[in-house]
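A.B. asks:
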Amino acid sequence: MRQWVEIIARTMNQEFEFLAVSLAIAQLGPSYIPVPLLFGHHQIMDIAKIQQQLGYHDIVPVEQGLELTVRWLEENRPEPGGQIEQNTGDPFDYAAEDELIQRCSGVWEKLAQMPTSKHGWRHPYAHPKRPGELK
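For any residue, its number in this note's numbering is found by taking its place in the sequence shown, counting from 1, and adding 164.
1. Check whether the Cβ atoms of Glu227 and Ile172 sit closer than 8 Å, and answer yes or no.
2. Comparing alpha-carbon positions, which option in Gln167, Met165, Arg166 and Thr175 lies nearest Leu237?
3. Please report how far the alpha carbon of Pro292 lies from the alpha carbon of Ser281, in whole angstroms.
4. Is DSSP giving Leu232 helix, strand or coil here?
5. If I'm right that Val185 touches Cys268 with Cβ under 8 Å, what's the distance once you round it to whole angstroms?
6. For Ala212 and Ile223, what's the separation of their Cα atoms in angstroms?
7. What first and last residue would you give for the alpha helix (DSSP H) that runs through Thr175?
8. Contact check, Pro242 vs Glu249 under 8 Å by CB: the rounded distance?
9. Using the three-state DSSP reduction, which class does Leu183 fall into: helix, strand or coil?
10. Restricting to Cα atoms, I'd like to know which of Glu179, Arg166 and Leu183 is closest to Gln266.
11. Considering Gln216, what are the terminal residues of the alpha helix (DSSP H) in which it resides?
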């Protein structure tokens with residue numbers, strides 16, 4: 165999902181900071197949640213058979229297709245709150261997103277003030293320099 169957002173932002177000449185938020189906190193709508201998370205199992209789709217037997221190939225690479233879609237939507241903007249936006253099943257709520265960012269920012273600041281562990285990091289196994297050496 166993040167890669168798609170990065171492509172969309174680049175296509176629209178926009179820059180922004182990503183904020184990682186747990187799904188348990190964000191309570192995003194179903195259009196933002198990958199399908200396997202909705203159904204509790206994972207699926208991997210393989211299109212090799214249709215490629216080999218029927219010669220299927222993408223007309224344009226995925227990234228280019230996404231860029232073309234973004235440009236089309238910029239030129240043909242759906243009405244905010246209109247039918248197209250409603251059909252997505254999850255119209256964007258700027259006020260709710262801003263509040264989520266505000267609340268999460270406060271949590272990150274509090275977590276940054278917590279003392280760090282005094283336990284040092286150590287590599288889990290030795291690196292012998294000669295055969296038979298343990299350290």
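Ideal placement from N, C-alpha and C gives every residue a C-beta, glycine not left out.
Here the structure is a predicted model, which means the values were calculated and not measured.
C.D. replies: Let's see:
1. No, Cβ-Cβ distance for Glu227 and Ile172 is not below 8 Å.
2. It is Thr175.
3. Here the alpha carbon of Pro292 sits roughly 29 Å from the alpha carbon of Ser281.
4. Helix.
5. Going by Cβ atoms, the distance from Val185 to Cys268 rounds to 6 Å, so yes, they are a contact pair.
6. Looking at the two C-alpha atoms, the distance is approximately 16 Å.
7. That run of the alpha helix (DSSP H) goes Arg166 to Thr175.
8. Between Glu249 and Pro242 the Cβ distance is about 5 Å, and since that is below 8 Å, they are a contact.
9. Looking at Leu183 - three-state DSSP - the assignment turns out to be coil, as it is neither helix nor strand.
10. Of Glu179, Arg166 and Leu183, the residue nearest in Cα terms is Leu183.
11. That run of the alpha helix (DSSP H) goes Ala212 to Leu218.
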